[in-house]
Every structure is written in structure tokens, then in C-alpha cells.
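S.K.: I have a structure I would like to understand better, so I am pasting it below and will then ask my questions one at a time.
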Amino acid sequence: MPKSVLELFNQKEVLNYLKDRKYPAMLGEELFPEVKRQSLEFDMLTNGSKTPVIASVHGFDTESEIGQREAEKMAIELALIKRKMQLKEKEIIALESPRNEAERTYLMRNVYADFDALVESIKARVEAMRMELVATGKITLNENNLDAAIDFGVPEENKVTNVDWSAADSNPINDMITWKNQLDSAPGRVLTSTTVLAKILANKNVVNAIFGKDSTRIASVGELNNYLEQLQLPKIYTYDAKYRKLEANGKYTKHRYFPENAFVMMPSEALGETIYGPTAEEIRLQRDPSIDIKLVGKILAMMYEEGTDPVSTWEKAVATALPALKCADELFQATINLE
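Structure representation (C-alpha cells):
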């Protein structure tokens with residue numbers, strides 16, 4: 021007897037697929053190593069000072085793209101992030117009645133590609149939170165009728181805005197020395213964009229400092245970092261990765277994970293953790309004795325049916341997650357004028 025779609029993609033099969041699946045590493049995973057805990061409470065975390073399509077943060081007890089949770093409540097819980105895609109009736113018919121086994125294998129591969137895209141959308145939303153936290157010291161949850169902001173308390177004296185490194189009298193290296201001295205412990209690295217790095221490399225005072233007065237040479241990134249190292253300043257690294265977001269009008273817009281105008285001094289070690297917690301779907305799976313709950317990772321994917329007229333079958337990925345910053349007073353955050 022032909023297998024139904026839910027039999028082809030039963031929870032065991034999906035869990036086994038995700039268990040062995042490796043996704044491209046993101047910088048935020050290095051800065052905020054990922055851990056799984058069994059608590060949703062955020063107040064436990066604040067003790068210390070292909071382009072993917074991004075998923076949305078949701079309120080609990082909601083369908084995708086609808087928020088019901090109050091902002092005050094969300095601010096003390098891990099963020100619920102989920103995204104789903106519908107399996108159309110034609111696709112269901114093709115999967116359940118393929119012309120041959122090769123066609124079924126091809127169609128199943130497409131469905132697993134959907135699961136990959138959904139998981140990567142969750143990972144993209146988490147990465148966006150991590151990079152916002154690095155650049156601003158805050159996380160904003162401003163979507164699906166949620167309106168919450170979590171401030172991790174980077175001291176105001178560790179922030180500067182509207183720094184103009186295009187001005188003739190500007191001196192990025194002197195600025196870096198000043199900012200480093202503002203911190204109680206020496207920073208181990210700098211994160212910025214290639215746009216800001218280009219401004220530093222083109223700055224006349226930087227060129228003169230590296231090569232001598234009135235030099236017409238253009239410094240390389242390696243030469244700049246070697247010079248900074250001689251001054252006991254941290255090396256500069258760039259991060260320009262982007263994600264796509266599906267807007268309400270049905271069109272996609274591209275966004276950067278790390279703001280183009282950000283320049284952040286930080287420790288060389290991990291800045292905190294990315295905390296993943298349980299989901300309602302995971303708790304429900306624990307009731308099924310046929311499921312090895314240990315196979316459930318940080319992000320859960322599944323297929324389920326929701327209606328009979330029309331037949332409504334969905335692929336979904338879901339997680340609860342939030343990055344937590346443990347070294348707020350060891351960051352220096354500058355906003356650079358890009359004009």
C-alpha cells in the first residue's frame with residue numbers, strides 16, 4: 021500500500037535527518053556558543069555584566085506570523101521562533117502516487133530541502149539577534165505584534181556615535197587607543213564591516229602612520245593589523261553576511277546581520293551563550309514512547325496536517341532561543357558615519 025506523506029516524513033525520519041545534517045557555521049555561534057537548557061526563563065541569563073530567509077519571533081500560543089504574548093512577558097522568556105511552509109495538494113498527490121521510485125526520491129529530496137530552509141531561517145533569526153546584541157548591547161523583538169527590548173547594560177561611556185573617519189583631521193588609530201583605554205580589560209578583537217575597514221585603510225593619518233608622512237601607498241588589511249598589533253591594539257575582522265526577509269507585501273528585502281556602520285571592540289573569548297530551550301512541540305513529543313526524545317536538537321522540525329478541505333499539510337521548524345551577554349562592560353561600541 022502506498023505510504024501517506026505523514027508516513028514518508030514521520031517524526032522519527034525527520035529527527036534522524038536533522039541529527040546528521042550539518043549547516044554552514046555562523047560567526048555568532050563562535051561569539052555565543054550554543055547550549056540547550058530546559059528553562060524558558062530569561063532572568064536566569066542576565067547575571068553577568070544561498071542566502072537564508074529569516075524567520076519571525078512569535079508570541080507563545082500563536083499561529084505563525086501572529087503574536088499574542090505581552091511584551092513585558094516576552095522580555096523575560098526565551099524568544100519563540102518558528103516558520104512553516106505548506107505542502108500543496110499537487111505535491112501531496114505526487115509524493116503519494118509517484119510514477120516510479122526515482123520520482124518519489126526526487127520529490128522527497130525537495131521536501132527535505134524545505135526542512136533545511138526552515139531550519140536555516142531559525143538560525144538566521146538567532147544570528148540576527150546575536151549581531152544586534154554585539155553592535156548595540158540590546159535585542160529588540162519588534163514583529164508579529166510583539167514589542168520588547170532587552171538591554172544587557174553596556175555602559176554608556178563605552179559607546180560613541182557619528183564617528184567621521186572621512187574627515188581630514190580624523191585619526192582612527194588614535195580613536196582606537198582612546199577606546200581601548202576606556203575598557204578595564206584589553207580587547208582581543210574588533211568586528212566591523214568592509215565598508216568601515218575601507219574608510220580606515222583610506223584615512224590619510226592611518227596611511228602616514230604606517231608608511232610615513234605624505235605616503236601615497238594603500239595599506240592592506242594585513243599591514244594595518246600588523247601595525248595595530250605593534251601598538252597592542254586588537255586586529256580588525258569583518259562580517260558582511262546577509263539574510264532575506266519576507267515582507268508583508270510578499271516581497272523579499274535583504275538585510276545585514278551586523279550593521280554596516282558598527283565598529284565593536286570585544287574580548288577574544290566567547291561573549292556569552294546562545295541559550296536554546298524547550299518548545300511546546302518538543303514537550304508533546306515526550307508523550308510518544310516511539311520517539312527518542314534525545315534526538316531532538318536545538319531546533320525541531322516536523323510535518324503535520326491541519327485541515328481536510330482543502331487538505332492542509334505543513335512543514336515547520338520551531339525553537340526557543342536567545343543570546344545572553346556576559347561581558348557587557350568589556351565591549352566598546354562605535355557607530356561610524358558612512359557618508
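For reference, each letter of the sequence shown is one residue, going 21 to 359 in my numbering.
Positions of the beta carbon are idealized from the N, C-alpha and C atoms, including for glycine.
#1: Since Y37 and Y132 are thought to touch, with beta carbons under 8 Å apart, how far apart are those beta carbons, to the nearest angstrom?
#2: Where does M286 sit, in a helix, a strand or coil, going by DSSP?
#3: Between which two residues does the beta strand (DSSP E) harbouring K262 extend?
#4: Rounded to the nearest angstrom, what separates K262 and L60 at their Cα positions?
#5: My output table needs one value for V227: the three-state DSSP class, helix, strand or coil.
#6: Please confirm whether Q353 and V241 have their CB atoms less than 7 Å apart.
#7: Only counting the same chain, and skipping five residues up and downstream in sequence, which positions put a Cβ closer than 7 Å to that of D204?
#8: Can you name the residues that DSSP bridges to P343?
#9: Can you check which of these residues, L100, R276, V154 and E111, is closest to L26 by C-alpha distance?
#10: Do F135 and A321 have their CB atoms nearer than 7 Å?
#11: Starting from the N-terminal side, write out each stretch of the alpha helix (DSSP H) that is 4 residues or longer and does not extend beyond the region 167-250.
#12: So, does the region 210-229 touch the region 178-191, judging by three or more C-beta pairs under 8 Å?
#13: Where does the unbroken alpha helix (DSSP H) through R276 begin, and where does it stop?
#14: Do you know how far the Cα of R41 is from the Cα of A341?
#15: Can you find the residues in the same chain that come closer than 6 Å, C-beta to C-beta, to L35, ignoring five residues on each side of it along the sequence?
#16: Kindly identify the DSSP beta-bridge partner or partners of R103.
#17: Is it right to say G292 is buried, meaning 16 or more other beta carbons lie within 10 angstroms of its own, or is it exposed?
#18: Would you kindly report the start and end of the unbroken alpha helix (DSSP H) that includes Q31?
M.R.: Let me lay it out:
#1: 6 Å
#2: strand
#3: K262 to L266
#4: 28 Å
#5: helix
#6: no
#7: D349
#8: T294
#9: E111
#10: yes
#11: 192-202, 214-222, 224-231 and 241-250
#12: yes
#13: Element bounds for R276: not the alpha helix (DSSP H) but the beta strand (DSSP E), Y272 to R276.
#14: 20 Å
#15: L315
#16: A337
#17: buried
#18: Q31 to D40
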